[in-house]
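> Protein chains in written order, with my numbering: chain A, 1 to 404; chain B, 1001 to 1404.
Think of the CB as a built atom: it goes at the ideal place given N, C-alpha and C, for glycine as much as any other residue.
Just so it is clear, the structure is predicted and the values come from calculations on it, not from any experiment.
I have a structure here, written as C-alpha cells, and I will follow up with some questions on it.
Number of protein chains: 2
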Amino acid sequence: MPPRPPRRDDPVRQRSLRDHNLALVLRHVTAANRPPSRAEIAAASGLTRATVSTIVDELIAGGLVAELEPVSRSGVGRPGTGIVPAGTGPAGLGMEVNVDYLAVCAVDLTGAVRHRQVRRLDQREHSPAQTWQALGELADQAVAAVAAQGLVPAGGVIAVPGLVEGDTIRIAPNLGWQQVALPRPEDLGGPRDLPLDVANEATLAALGERHATGLRSFLYVSGEIGIGGGIVLDGELFGGSHGWAGEIGHVTIDPQGPDCHCGSRGCLEQYAGEEAIRAAAGLRAGGAVLADLVDGGRQGSAPVLDALEHAGTALGVALSGAVNLLDIGTVVLGGHYAELIDWLRPAIERELARRVITARWAPAKVRASALGSDAALVGAARAVTQAILDDPARFLATRPAPAV
Amino acid sequence: MPPRPPRRDDPVRQRSLRDHNLALVLRHVTAANRPPSRAEIAAASGLTRATVSTIVDELIAGGLVAELEPVSRSGVGRPGTGIVPAGTGPAGLGMEVNVDYLAVCAVDLTGAVRHRQVRRLDQREHSPAQTWQALGELADQAVAAVAAQGLVPAGGVIAVPGLVEGDTIRIAPNLGWQQVALPRPEDLGGPRDLPLDVANEATLAALGERHATGLRSFLYVSGEIGIGGGIVLDGELFGGSHGWAGEIGHVTIDPQGPDCHCGSRGCLEQYAGEEAIRAAAGLRAGGAVLADLVDGGRQGSAPVLDALEHAGTALGVALSGAVNLLDIGTVVLGGHYAELIDWLRPAIERELARRVITARWAPAKVRASALGSDAALVGAARAVTQAILDDPARFLATRPAPAV
DNA sequence: TCTTGTTTGTTCAGCCATTGAACTTATAGG
DNA sequence: CCTATAAGTTCAATGGCTGAACAAACAAGA
C-alpha cells in the first residue's frame, strides 16, 4: 500500500535527512500517550530542540500537526505547548466489499474514526461493476460528510476478501469473482481524483489491529465464511513475494482430510471455517450462524461446545506450525473468532503448548481482536493515513501547504 | 548477529548520512559482477562522482576496499580504476559445532573462503567446556593461518544445532545439551579479544546460502539428523521474536501421527528426519545413512525410493503450509536433502502444486543448496564480514585506519 | 605526431540540515 | 518583586553533498 517504501539502496542527500527526521518527529507525536512539547520530542528523539522546532514548524505549515493551547501542566519553568496530530486536513478513506455488505469509513490522522456507514448488499447477485458503483455512492457520501468536519481524503483503500496482485483481483471465492480488474477512480462514479488501492481484507485487518493495539509482531487470523490471515512483523505488515502472505486458511491439518474447494485436502477451512463448525454443531444452514454458536456456547450446548473444541484444536495445530516457523509471540483472533474466543482458546492453547517447540520458554499469547468486525474497514482507512505519517515529506511535496 | 541494526527511530545527523552512503557504496562494490569504477558506482547509486570519490577514499583508508591496477577496458575515454573488496584486512571466522565434528573456516570481505579445517570429534562424549576448548585450538590455527595471508579476524560466529537465546543455548537435542552458557572468548583458550557470537546452524546456513546465490527471499530447509530451517526475506535473515524462526522440523504433518521426542505428535521429523527415512527404507542403523540412501536411489531400490517418496510428501505438506503463510517463491533444500533432491523433488512439487493456494499463478521453485554441507560454516563466517559490509562506519570507528 | 573527443577522477565554492550556545519567554516559588 | 527553571527561538559554525569547472588518460583520425 505505501506507494514506495524508502529503500536502503537509495542515495542519501541533505533533503532525505530532513525527510527522515520529519517522519521521526511525526512518529513521536502520534506515538506519545500525551501531547508532547517540542522539548519532550527533542529529548525522546535525540534531536536538538532547535531542529525539532524547525521540523514542527514545517509539519504545522503542512497541516499534519497542530499546537494545543499552552496549558500549565506541572512544576516550574515555562510550560510547553503540546503538539497533536491534526484533527482536520488529510483523512483516509477505507472501503470494504464483503459477501453481503459494503462499508465505508474515514479516519483522521489521530486515528479516530470520523465517519462510518454500512450498507447491506449481496455482491453475489451483482456484477463487480455494480459493486464499484454502489461503493462509489457510499464513498461520495463519506467525502461530503467528512468535508463538513474539515477533512479531505488523501486516498482510499478497498478491502476485498480475495487475492490481489498487481492490477487484478485474482480470485475472491466467496464473492464468486475471478480475474477482476481493480477499479479506477472513475469506476466508482463521480470524477474523484482519489488515489485508489485494493488489498486483501485480512491483511488490512491485521494492519488495523496493529494500530489499534500497538502490538509490534503478531499473527492475525480472521474466521468468517473463509479463513484469512495477516502477518505483522516488527510493526510492519509482511506481504511476502506477491502480497499473499498469511493465507492460513489452506494450511494442511490432515493430509488425508476432507476435500477442500481449493483443490487440496484437509485444509484448515474444512475444520474451522464457518460452514464446517455449523455442520459439526448440527445447526441449520442459512441462519445467523455466529449468533447461534454464541447462544449455544453460552447455554452449554454439547454439540456446539464439541464443534468449537474441534475447530479450536484444528486452529491450534495450524497456529502451532505458524509459530514454529515464524517465532511470533502473539496470535490475534478476529472476525467471528473474536466472539467465540472463550470456547476456542482452551483447545488452541493446549495445541500450542504441545506442538510449539519453544512453548516452554516463550509461550505464545492468544487474544481477541480489539477492533472486531470493523478491523478490515478501519485498517483500510488507516493504511492511507499511515502512509502519510510514515512519509510526511512525500505528502508535503505533492500537496503543498494549504492556504492559511 | 549484527550487534545493533540501524533503527528507523534513530535521529539522523550529518554523520549518519555519511554512514549510510559508506554502506551504499560498499554494497555496490560487493554486489557488482565486475569491479566498478568510481564513475560507475556514482551512476548506479545516484550519488555524484565527487561524493563517491571521497567515500571510496575513506573506504580505502580503512582497508575495506582496494584499487585495481588501471586496465584499459573498452572504448574511448580515460579508463576507470576498478574498486574491489579488500582481499586482506578484516576477515570473518566461522565455527561449527556438530554432533560428530568441529569445523572452522575464515572468509575475507570478497566472500572467498581462505581457510577451512574440519576435525572429527563426538560432542556427545565430551562436556561443552571440552568442546569449546577443542574449538579454540582449531580457531587458533585458523587465526595463524590467515594471518600469514594478511587477514585479521574481526569476529567469530559459532554455529550450533540448537536454540540460542540471549546468553544461553536453551537446548541442542542431538548434542545432548541443555541450558549451556554461551562461551566467552577465554573459554575457547588463548587470550583472544575476538567478539564472539553463537547462532543456530540452520539460520546461519540460510544466511550462507543467501550470499552464495544472491537469492533475495527463500525458505531454507536442512535435513540432517534433525530438520532445521531458516527464513530469508528480502535479503535479510528473519529471526522472529527470539531468533527462533524457521523451526520447520516440528510442524505437524498429521495431528494423530507418531510421537516425537519433542513431546508433540506427527512432527515433520517423524516423517522426513534421517532416522525416519532410514527405518522406512529398511536400512541398518548406525551406518552411513546418507550414502546408503544415495546408493539405493541410484540403483532404483524400491524400499529406498518409497521411503524418499514418503519423506518428500511430508516435506511437501509442511512446505505448502509455509508457502501459504509466507508467500515465498523459493525453497532451498540443504544438508542431506541437497544430495537427495532428485528423489525428493517430485513428491514435494506435487504437494506444493496441490496445496498452495496461489500455486497456479506463482509456483514455488525447489532447488538444492549451493553450499551443501558447508552452508552453516561458511554462513557463520560470512555473518561476520557481512556485519562489516552492512555497517562499515561502525567498523571504521572501532578499528581506525590501519597503518599504511 | 598532433589534435579532437570522450570519459574518469579531483577540486572548490555553494547549499542545506543539524548543532550548540546564547537569548528570550513564561511559569512557580519564595 | 526576584530567582530558579524550563520551553522555545536565533544564529554562527560544522559537516556532507552537489554541480561545475578542471586536470588526467585514453582512442581515433588527420
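Please classify V1332/B as buried or exposed, where buried requires at least 16 other C-beta atoms within 10 Å of its C-beta.
Position 332 of the second sequence, counted from the first residue, corresponds to residue 1332/B. That one is buried.
> In whole angstroms, give me the CA-to-CA distance for G287/A and R1027/B.
The count along the first sequence starts at 1 and reaches residue 287/A at position 287. The count along the second sequence starts at 1 and reaches residue 1027/B at position 27. Their Cα atoms are separated by approximately 60 Å.
> Looking at C-alpha atoms only, which residue of L59/A, A381/A, Q141/A and L121/A is the closest neighbour of R205/A?
For the purposes of this step, residue 205/A is identified with residue 205 of the first sequence, where counting begins at 1. Per the sequence shown, the amino acid found at residue 205/A is Ala instead of Arg. Of the listed residues, the one whose Cα sits closest to A205/A is A381/A.
> I'd like to know whether the C-beta atoms of V1146/B and A1086/B end up nearer to each other than 8 Å.
Position 146 of the second sequence holds residue 1146/B. Position 86 of the second sequence holds residue 1086/B. In this structure, A1086/B does not lie closer than 8 Å to V1146/B by Cβ.
> Cβ of E1269/B less than 8 Å from any chain A Cβ?
Within the second sequence, numbered from 1, the residue matching residue 1269/B stands at position 269. Judged by the 8 Å Cβ criterion, E1269/B is not in contact with chain A.
> For G1263/B, go through chain A and note every residue whose CB falls closer than 7 Å to its CB, in chain order.
By one-based count along the second sequence, residue 1263/B stands at place 263. The contacting residues are R354.
> Among I1225/B, A1031/B and L1237/B, whose alpha-carbon lies nearest the alpha-carbon of F1218/B?
Taking the second sequence and counting its residues from 1, the one referred to as residue 1218/B is at position 218. Among I1225/B, A1031/B and L1237/B, the Cα nearest to that of F1218/B is on L1237/B.
> Helix, strand or coil: which one does DSSP assign to N324/A?
As a first step, residue 324/A must be located in the first sequence, where it is residue number 324. In the structure shown, N324/A sits in a helix (DSSP, three-state: H, G or I).
> Hey, P36/A and G89/A: beta-carbon distance below 8 Å or not?
Sequence index remark: in the first sequence, residue 36/A carries index 36 (1-based). Sequence index remark: in the first sequence, residue 89/A carries index 89 (1-based). In this structure, G89/A does not lie closer than 8 Å to P36/A by Cβ.
> Which residues, in order along the segment 156-186 of chain A, keep a beta-carbon less than 8 Å from a beta-carbon of chain B?
If the cut-off is 8 Å between Cβ atoms, the segment 156-186 of chain A has L163, E165 and R170 near chain B.
> List the endpoints of the continuous alpha helix (DSSP H) containing D1292/B.
Residue mapping note: residue 1292/B aligns to position 292 of the second sequence, counting from 1. Note, D1292/B: alpha helix (DSSP H), V1289 to R1298.
> Applying the criterion that 16 or more other CB atoms from any shown protein chain within 10 Å of the CB defines a buried residue, is V1317/B buried or exposed?
Taking the second sequence and counting its residues from 1, the one referred to as residue 1317/B is at position 317. Buried is the call here.
> Here's a check: name, in chain order, each residue in its chain whose Cβ is nearer than 6 Å to the Cβ of G1239/B, leaving out the five neighbours to either side.
Taking the first residue of the second sequence as position 1, residue 1239/B is located at position 239. A1245, listed in sequence order.
> In its own chain, which residues sit with a C-beta less than 6 Å from the C-beta of G1335/B, not counting the 5 before and 5 after it?
Within the second sequence, residue 1335/B is the residue found at index 335, counting from 1. Hits under 6 Å: S1222, G1223 and E1224.
> What residue range does the beta strand (DSSP E) around V1113/B cover?
Taking the second sequence and counting its residues from 1, one reaches residue 1113/B at position 113. Here the beta strand (DSSP E) through V1113/B covers V1113 to R1120.
> Excluding the 5 residues flanking L47/A on each side, which residues of the same chain have their C-beta closer than 7 Å to its C-beta?
Stepping through the first sequence from its first residue, residue 47/A is reached at position 47. Within the same chain, L47/A has close Cβ partners N21.
> Which runs of the beta strand (DSSP E) fall wholly inside the segment 111-186 of chain A and span at least 3 residues, in chain order?
As far as the segment 111-186 of chain A is concerned, its whole beta strand (DSSP E) runs of at least 3 residues are 113-120, 151-160, 163-165, 168-172 and 177-181.
> So, at 8 Å on beta carbons, what are the nonlocal neighbours of A1403/B in its own chain, with the 5 sequence-adjacent residues on each side left out?
By one-based count along the second sequence, residue 1403/B stands at place 403. With a pLDDT of 42 at A1403/B, under the threshold of 50, the modelled position of that residue is not reliable, and no figure is offered here.
> Pick out whichever of G1243/B, L1268/B, R1284/B and Y1220/B has its Cα sitting closest to the Cα of L1445/B.
Missing from the structure shown is residue 1445/B; chain B here goes from 1001 to 1404 and no further.
> Check distances from the C-beta atoms of the segment 1308-1339 of chain B to those of chain A and list, in chain order, the residues that come in under 7 Å.
So the close ones are V1317, S1320, G1321, A1322, N1324, L1325, L1326, D1327, I1328 and G1329.
> Is it right to say G1214/B is buried, meaning 16 or more other beta carbons lie within 10 angstroms of its own, or is it exposed?
The residue you call residue 1214/B lines up with position 214 of the second sequence. G1214/B should be labelled exposed.
> Assuming A1142/B and Q1117/B make a contact with CB atoms under 8 Å, what is their CB distance in whole Å?
For the purposes of this step, residue 1142/B is taken as residue 142 along the second sequence, with counting starting at 1. For the purposes of this step, residue 1117/B is taken as residue 117 along the second sequence, with counting starting at 1. Between Q1117/B and A1142/B the Cβ distance is about 7 Å, and since that is below 8 Å, they are a contact.
> Check the C-beta distance from V84/A over to L59/A and give it rounded, since I have them as a contact under 8 Å.
Here residue 84/A refers to the residue found at position 84 when the first sequence is read from its first residue. Here residue 59/A refers to the residue found at position 59 when the first sequence is read from its first residue. About 11 Å separates the two Cβ atoms, so there is no contact after all.
> How would you label V270/A, buried or exposed, when you count the other beta carbons within 10 angstroms and need 16 or more for buried?
The residue given as residue 270/A occupies position 270 in the first sequence. The amino acid at residue 270/A is misidentified as Val; the sequence shows Gln. Buried, because 16 or more other Cβ atoms sit within 10 Å of the Cβ of Q270/A.
> Classify S222/A as helix, strand or coil using the three-state DSSP reduction.
Taking the first residue of the first sequence as position 1, residue 222/A is located at position 222. S222/A: strand per DSSP, three-state reduction.
> L1204/B touches chain A at which residues, Cβ-Cβ below 7 Å?
Against the second sequence, residue 1204/B aligns to sequence position 204. The contacting residues do not exist; L1204/B stays about 16 Å from chain A at best.
> Give the list of continuous beta strand (DSSP E) stretches no shorter than 3 residues that lie fully inside the segment 49-93 of chain A.
Segments of the beta strand (DSSP E) lying fully in the segment 49-93 of chain A: 65-67 and 83-85.
> Starting from V29/A, follow the alpha helix (DSSP H) in both directions and report where the run begins and ends.
Along the first sequence, read from residue 1 onward, the residue named residue 29/A stands at position 29. Where V29/A is concerned, the enclosing alpha helix (DSSP H) stretches over Q14 to A31.
> Taking only three categories from DSSP, how would you classify A1285/B?
As a first step, residue 1285/B must be located in the second sequence, where it is residue number 285. DSSP places A1285/B in coil when its eight states are reduced to three.
> I need the straight-line Cα distance from L1017/B to S16/A, nearest angstrom please.
Residue numbering aside, residue 1017/B sits at position 17 when the second sequence is read from its first letter. Residue numbering aside, residue 16/A sits at position 16 when the first sequence is read from its first letter. Cα to Cα, L1017/B sits roughly 9 Å from S16/A.
> Extract the residue ranges of the beta strand (DSSP E) inside the segment 1182-1267 of chain B, only unbroken runs of 3 or more that lie entirely within it.
Whole beta strand (DSSP E) segments, 3+ residues: 1196-1200, 1218-1223, 1227-1233 and 1236-1238.
> Hey, would you say A1212/B sits closer than 8 Å to L1371/B, going by beta carbons?
Counting from 1 along the second sequence, the entry for residue 1212/B is found at position 212. Counting from 1 along the second sequence, the entry for residue 1371/B is found at position 371. Cβ distance < 8 Å, so A1212/B and L1371/B count as in contact.
> Hey, is L17/A's beta-carbon within less than 8 Å of any beta-carbon in chain B?
As a working mapping, residue 17/A is identified with position 17 in the first sequence. It does; some Cβ of chain B falls within 8 Å.
> Here's a check: name, in chain order, each residue in its chain whose Cβ is nearer than 8 Å to the Cβ of I357/A, leaving out the five neighbours to either side.
Taking the first residue of the first sequence as position 1, residue 357/A is located at position 357. If we look at I357/A and ignore the five residues flanking it on each side, its Cβ neighbours are N324.
> For D391/A and chain B, any beta-carbon pair shorter than 8 Å?
Here residue 391/A refers to the residue found at position 391 when the first sequence is read from its first residue. No, because no Cβ of chain B sits closer than 8 Å to the Cβ of D391/A.
> Mapping the DSSP letters down to three states, classify G334/A as helix, strand or coil.
Walking along the first sequence from the start, residue 334/A turns up at place 334. Here G334/A sits in strand by DSSP.
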